[in-house]
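In the numbering used here, the protein residues as written are 14 to 533.
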Amino acid sequence: MTLQLYNTLTRTKEPLRTAEPNKVRMYVCGVTVYAPSHVGHARASFSFDVVFRYLLHRGYEVEFAKNFTDIDDKIIEKAKAEGVHFCEITDRYIADFYDAMDGIFILRPDYEPKCTEHIDGIVAMNAKLIERGHAYAVDGDVYFAVETMEDYGKLSRRRLEDQEEGARVDVDTRKRHPFDFALWKAAKPDEPSWDSPWGKGRPGWHIECSVMSSETLGDTFDIHGGGIDLLFPHHENEIAQSESAMGIDRWVTHWMHNGHLTIDSTKMSKSLGNIFGVNELLARYHPETLRMFYLSASYRAPLDYNEGAMNESEQRLERLYGTLGQLDARLGDSVARPAADDDGGWRRPHLYNAPDPLEGVDPSQFAGPERGLFEQTRRLMTKVEEAMDDDFNTAGALGHLFDYVRRLNKWMAGEPDLSDAGLRAIATGARDRFYRIGAILGLFHEESVAFFEGLRDRRLKFVGMTEAEIEAAIARRNQARADKDWAASDAIRDELAAKGIGLKDGPEGTGWIVLRGVGG
RNA sequence: GGCGACGUAGCCAAGUGGUAAGGCAACGGAUUGCAAAUCCGUCAUUCACCAGUUCGAUCCUGGUCGUCGCCUCCA
C-alpha cells in the first residue's frame, strides 16, 4: 500500500511522488505575526504536523520548512498604533506562536525562514520576472502580469475571463489586468523599507513564499501546504511567480490544503469576538484535547469548534489514558515520556522509536481470547497505517485504536496474570502500540497518572473550591457515613456534585475528581 | 455572477459496487449503602430526495432540494 494524498491541483488522491526516492521536501505557509495564535492557526499547524509525523513514521527523510511572514500592512499598522518598531511586534508574536505550538506538541520544522531575512532573494526574483517579461514596474511598485502566464488559475480552477463579471476587484488603472498583483510595494513615508532598483519598498505578499521555499528546499519540491483560504490568490500567485521565473510548468508536485474552523457554526471574525487564542484554551483543556478534537475529522473538512465538541474530545482522551493507566498499573512500571528541548520545542528525536516487543513472540503459545488479542495487537499498526495512508485519515485511525481499547479493557477486566511471560508480552505490546500511534498523532506525552492529575488541577481552577475545602467536605461526609446517616452523607455529595466535584467511594477511602465541562 | 466542498443514527464522524468503523449521548449490566466515575453490553434493513447504469448502489451518472466556503494580504 502506498501513501495516497489528495492533491488540490488535480482534485484527486494520488500516490506520493517525490523528486528524490525516500525523501520528501515540504513547505507550509506559516502565519503573519501580528496577533496571538488562535485555534484556526493551530489547526493548520496541526494538520501538517500530522503529515510531517506520519512521513517520518513511514521512514521518509523529510525536509520541512514553514515560514513567518514578518512584514505586512497589519504589522505596520500595529507598530504605528503602539509607537514601536515593527520588529517589536513580530518578535512578540513569534514568541507567542512558539508558546502556543510547543504547548500542543507541534514538531518544529527544519527551517523557519522569515520574510525580512530574504529581501535580497525577493529583489532578485523581481528583477528576473521583469527581465523575462512577466512583471513590470510602475511608480516604484512592481506587478506580476497574469496574462503572461499561459495557465494562470490552474490551481484554483479560475480563468481570467471568468473573473471579470461580479468579481470584487479594485480598479487600479496602473495595472494592466485587474488581477495583476504586487511583487514589490513602494514604501510610504514612515514605513519600514529596503532598497531596490525601483526605489525604497517592501515585498508583496505572495513572493516571499516563492523565494523562501526555493532558498530552503530548492527550486522545486514535493509538497506545498496551507489553509484552504490561501488557495486563491496566494498559492495561485506563488505558482505564477515561481513557474514564470524558472520557465517550468510544475513547480510543486502536491498541493495540500487544510479546511477551516468555524466557531459555534459561525465564521471566526474579530467583529464577532469569537477568536479563541490557543494559550487561553490551554488554561481550560488539556493540550492533547485540542489535538483529539482536530483528529476527529479529516484535515480537509470544515470543522466546528464548540464547547460540546471539546468536552467530548477530552472524554475520548480520558478513555485512552484510562486504559494506558491500567496497563502501567498492571505492568508495575511505565515508559519514560519525552521532554521538550531547552527552548521548549519538540523535535523528532523525541519521537517514540522503541523496538517492537512483540517481535519474536511465538503466537502458538496463546489460545482463545488471548490469541485473538495478540493477533489484534499485531495487526493494529497495519490498520492504523492503512487509514493514514489514505490521505491521513486520522478519524479512521483513531477508530481502530478505540476498537482495540475495548478489546483490551475486556481482557484486563479478567485479571490476566502478567507474571506469565507471554501475557506480559501482550500487555507490553499493547502499551507499545499506544506510544507508537501517539508518535504519529502527537498524543500520550504524559504518563496516565500525571495526565489525570493535570486534568484535575486544570479543572479545579474553574470550580471555585480549593482542594482543602473539598477534603474537609469529604471528612464531614465520612463521619456521616460512619454514623450511617445516609441522608446527610448524600446531601454533602450532592452539594459537591453541583459544583462539579464527583466522589468515588472505594476500599481505600473516598477519592474525588472534577467532572467534565465544568465552569467556563 | 464565477469556482468549489459537503449532506451517513439524537450529536460528532469513518467507510465500501454486494447489504454500514469509532466516539459522545441514551438504555441494560458489573461495581456501590445508594450514587458518581470506570469497565462491559445494546443501539442505522439504512446512508437528503428523484431518476438512470448494474444481477446488485449509500458508494458510479444525471437532476432536485439543502448547508457551507472562496472570489477582500483570513491558517
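Just so you know, even glycine gets a beta-carbon here, dropped at the ideal spot from N, CA and C.
Span separating the alpha-carbon of residue i from that of residue j
| i | j | result |
| --- | --- | --- |
| residue 22 | residue 236 | 11 Å |
| residue 447 | residue 334 | 9 Å |
| residue 91 | residue 73 | 41 Å |
| residue 522 | residue 26 | 56 Å |
| residue 528 | residue 485 | 19 Å |
| residue 45 | residue 83 | 6 Å |
| residue 181 | residue 164 | Its pLDDT being 48, under 50, residue 181 is placed unreliably in this model, and the value from its coordinates should be taken loosely. About 22 Å. |
| residue 316 | residue 244 | 18 Å |
| residue 234 | residue 374 | 42 Å |
| residue 54 | residue 518 | 43 Å |
| residue 407 | residue 320 | 21 Å |
| residue 178 | residue 59 | Because the pLDDT at residue 178 is just 45, under 50, the model does not fix this residue reliably, and the value given afterwards should be weighed accordingly. Approximately 37 Å between the Cα atoms of the pair. |
| residue 79 | residue 42 | 6 Å |
| residue 298 | residue 107 | 23 Å |
| residue 99 | residue 130 | 14 Å |
| residue 20 | residue 267 | 5 Å |
| residue 136 | residue 48 | 27 Å |
| residue 17 | residue 37 | 14 Å |
| residue 433 | residue 341 | 16 Å |
| residue 437 | residue 273 | 44 Å |
| residue 24 | residue 380 | 48 Å |
| residue 533 | residue 439 | Reliability fails at residue 533, whose pLDDT of 46 lies under 50, so the model's placement of it is uncertain and the value that follows must be treated cautiously. Spanning the two alpha carbons is a distance of roughly 41 Å. |
| residue 212 | residue 162 | 26 Å |
| residue 287 | residue 322 | 16 Å |
| residue 89 | residue 204 | 7 Å |
| residue 227 | residue 242 | 22 Å |
| residue 192 | residue 173 | 8 Å |
| residue 168 | residue 392 | 39 Å |
| residue 270 | residue 40 | 12 Å |
| residue 364 | residue 452 | 6 Å |
| residue 263 | residue 198 | 27 Å |
| residue 285 | residue 109 | 23 Å |
| residue 133 | residue 217 | 14 Å |
| residue 383 | residue 51 | 46 Å |
One or two residues paired with residue i in a DSSP bridge
| i | result |
| --- | --- |
| residue 216 | 197 |
| residue 234 | 265 |
| residue 27 | 18 |
| residue 482 | In DSSP, residue 482 forms no bridge with anything. |
| residue 270 | 239 |
| residue 276 | 279, 318 |
| residue 120 | 359 |
| residue 33 | 36 |
| residue 127 | 81 |
| residue 207 | 214 |
| residue 403 | 17 |
Residue i - containing beta strand (DSSP E), residue span
| i | result |
| --- | --- |
| residue 515 | 514-519 |
| residue 378 | Premise fails: residue 378 is in no beta strand (DSSP E) and is neither H nor E. |
| residue 259 | From DSSP, residue 259 is part of no beta strand (DSSP E) but of the alpha helix (DSSP H) over 249-259. |
| residue 38 | 36-45 |
| residue 525 | 522-527 |
Endpoints, the alpha helix (DSSP H) within which residue i is located
| i | result |
| --- | --- |
| residue 499 | 499-511 |
Heavy atom of the ligand FMN within 7 Å of residue i beta-carbon
| i | result |
| --- | --- |
| residue 70 | As far as ligands go, the structure on display features none, and thus does not contain the ligand FMN. |
### Task
Could you tell me which uninterrupted alpha helix (DSSP H) segments, each at least 4 residues in length, are contained entirely in the region 52-105, listed from first to last along the chain?
52-70, 86-95
### Inside the region 137-204 only - beta strand (DSSP E) runs reaching at least 3 residues
148-151, 154-157, 194-199
### Message
Between the region 387-401 and the region 410-423, can you find at least three pairs of beta-carbon atoms closer than 8 Å?
### Response
yes
### Message
Does the structure place the region 365-384 close enough to the region 485-494 that three or more beta carbon pairs sit under 8 Å?
### Response
no
### Message
Between the region 117-131 and the region 215-230, can you find at least three pairs of beta-carbon atoms closer than 8 Å?
### Response
yes
### Query
Per the contact definition of three or more C-beta pairs closer than 8 Å, is the region 473-484 in contact with the region 416-424?
no
### Task
Identify every run of the alpha helix (DSSP H) within the region 278-330, keeping only runs that are complete inside it and at least 4 residues long; order them along the chain.
291-295, 300-308
### the region 245-255 contacting the region 205-212, beta-carbon criterion three pairs below 8 Å
no
### Query
Is there contact between the region 456-468 and the region 345-358, where contact requires at least three CB pairs shorter than 8 Å?
yes
### Task
Pick out the complete alpha helix (DSSP H) segments inside the region 410-486, 4 residues or longer, and give them in chain order.
434-454, 461-473
### Task
Give a yes or no on contact between the region 109-123 and the region 289-297, applying the rule of three or more CB pairs nearer than 8 Å.
yes
### Query
Is it true that the region 253-270 meets the region 140-152, where meeting means three or more beta-carbon pairs spaced less than 8 Å apart?
yes
### Task
For the region 277-293 and the region 304-316, state whether three or more C-beta atom pairs, one from each stretch, are separated by less than 8 Å.
no
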